[in-house]
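Engineer: Here you go, one structure.
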Amino acid sequence: MATFRHALLPLLLTLVTACAGKTPAPGKHAFAQAGPLPAASEIGLIRSEIVLAALGHLDAPYRYGGFDAAGLDCSALVQRAHLQAGLNHVPRTTAEQARAARRVPQHRIQPGDVLFFAARGNRIDHVGVFIGDGRFIHAPNARSQVRIEPLASTYWKPRLRKAGHFFE
């Protein structure tokens, strides 16, 4: 299964690049700084870039507080995916991300949106990136690696507290 996922990623990158034309340089999106709202087509491109960047970390080891190839935690995965997509204003911790994200109704989530969960108790303490088709990618815990899971699972669905994004 891991071989299939790793073979799929270059194909997805090729398709997004071919459909999108020239990819803006990181940090160069009109909305990375204060200014006018981006066109819908640019938001769609950014959403694709966020998803592809997150998928690029698939199977990376989990490391609390980590932010690089040696390992990363859930909020680092979200922050890195956004940085790689050119959005440099995403906070580092899950709590900060939950406060900063612009809320999206759960029935309107789209690929590239972030999902916030209360995995232990009622406080938001976990975050992942929605990749579409009812699935999200996240760095679950120290006993695991970055992986994809169904949002409708009996574990994650009741723990979902907020969906949002960091643009607009």
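Position 36 of the sequence shown, counting from 1, maps to 152 under this note's numbering, and the rest follow consecutively. Note that CB positions come from ideal geometry on N, CA and C, so glycine has one too.
1) For the beta strand (DSSP E) that contains histidine 281, what are its first and last residues?
2) Please confirm whether arginine 219 and glycine 280 have their CB atoms less than 7 Å apart.
3) How should tyrosine 271 be labelled, buried or exposed, when 16 other C-beta atoms within 10 angstroms of its C-beta is the threshold for buried?
4) Whose CA, out of Ile247, Leu231 and Lys273, lies closest to the CA of glycine 172?
5) Tell me the DSSP secondary structure of proline 140 in three-state form.
6) Can you name, in chain order, every residue of its own chain whose Cβ lies under 6 Å from the Cβ of histidine 254, other than the five neighbours on each side?
7) When you compare the CB positions of valine 192 and phenylalanine 183, do they come within less than 7 Å of one another, or not?
8) Please report the residue range of the alpha helix (DSSP H) in which isoleucine 159 lies.
9) Which residue wins for smallest C-alpha separation from alanine 217, given the options Val262, Arg236 and Ile240?
10) Looking at the secondary structure, which residues open and close the beta strand (DSSP E) in which valine 220 lies?
11) Please look up how many angstroms separate the CB atoms of histidine 198 and isoleucine 166, rounded, as I've assumed it's under 8 Å.
12) Quick one: what's got a C-beta closer than 8 Å to glycine 187's C-beta in the same chain, skipping five residues either side?
13) Is it true that the CB of proline 207 sits closer than 7 Å to the CB of glutamine 213?
Structural biologist: Taking the coordinates as given:
1) 276 to 281
2) yes
3) exposed
4) Ile247
5) Confidence at proline 140 is low in this model, with a pLDDT of 40, below 50, so its placement is unreliable and no value can be given for it.
6) When the five nearest sequence neighbours on each side are left out, the beta carbons in the same chain lying within less than 6 Å of the beta carbon of histidine 254 are those of Cys190 and Gly244, in order along the chain.
7) Reading the sequence as shown, one finds alanine at residue 192 and not valine. In this structure, phenylalanine 183 lies closer than 7 Å to alanine 192 by Cβ.
8) Boundaries of the alpha helix (DSSP H) harbouring isoleucine 159: 156 to 171, taken from the DSSP string.
9) Ile240
10) 218 to 220
11) 6 Å
12) Only residues of its own chain outside the window of five on either side were considered, and among them Ala176, Pro177, Tyr178 and Arg179 have a CB closer than 8 Å to the CB of glycine 187, listed in chain order.
13) yes
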